Amino acid sequence: MVNKWKASEISVSVGGVEVVDFLGFEADDGKEITHIEAVDRIAGYNIKLQKPTWSLKCRVTSEALNKIEEMYTNEELISVTVKTPNLTINCYDAIIKSIKPSEINDEAPEVTIEGLCMKIERKWE
Numbered sequence: 017m018v019n020k021w022k023a024s025e026i027s028v029s030v031g032g033v034e035v036v037d038f039l040g041f042e043a044d045d046g047k048e049i050t051h052i053e054a055v056d057r058i059a060g061y062n063i064k065l066q067k068p069t070w071s072l073k074c075r076v077t078s079e080a081l082n083k084i085e086e087m088y089t090n091e092e093l094i095s096v097t098v099k100t101p102n103l104t105i106n107c108y109d110a111i112i113k114s115i116k117p118s119e120i121n122d123e124a125p126e127v128t129i130e131g132l133c134m135k136i137e138r139k140w141e
C-alpha cells in the first residue's frame, strides 16, 4: 500500500499561480448535523451547511507569495486547485481571507493562506 506521494505527483494552483513548495492544504465544506428533539423521541435531523473554507501552508521563501499577495490586496475571485494521484480538489469562486506568517526566528517561517469559497468539489480516483 502506498502511503506517501512523490512531490512531483502533487500540484497546487492558487488563481493560476503554481505553488511548487507548499507544505500542506486543507479544504472543508462539512455539514453541521444535529438531532431535532421532541419530548418523547428524536424527530429527525437538522442539517446546516458550513461556509466552505480552504487553507494552504508554504514557506516564506515561496516564489508564489508576491502574486498571491496581489490577489489578496485586489480581492480577486480565484480558483484553487490541488491535484494528487488519487484526489483532485477544486475550490470555486474563492477569495483569500488572510495571509499570516508564523513566528519569525532563525528558520524560514511558514505562511498560512486562508480563504473562503462558494463551492468545493472533490474527485476521488
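Letter by letter, the sequence shown follows residues 17 to 141 in my numbering. Note that the Cβ used here is the ideal one computed from N, Cα and C, for glycine as well. Here the structure is a predicted model, which means the values were calculated and not measured.
Which residues in the same chain as T50 place their Cβ atom closer than 6 Å to its Cβ, once the five residues preceding and following it in sequence are excluded? N62
Burial state of I58 (16 or more Cβ within 10 Å): exposed
Using only alpha-carbon positions, find the residue among P101, E42, G46, A54 that is nearest to C74. E42
What does DSSP give as the partner residues of S114 in its beta bridges? E130
I'd like to check one pair, T100 with E25: are the Cβ atoms closer than 8 Å? yes
Take G60 and list the residues in its own chain whose beta-carbon comes closer than 7 Å to its own, dropping the five residues that flank it on each side. I52
In the DSSP assignment, the beta strand (DSSP E) including T97 goes from what residue to what residue? 94-99
Among T97, M87, T89, which residue has its Cα nearest to the Cα of V36? T97
Where S78 falls: helix, strand or coil (DSSP): coil
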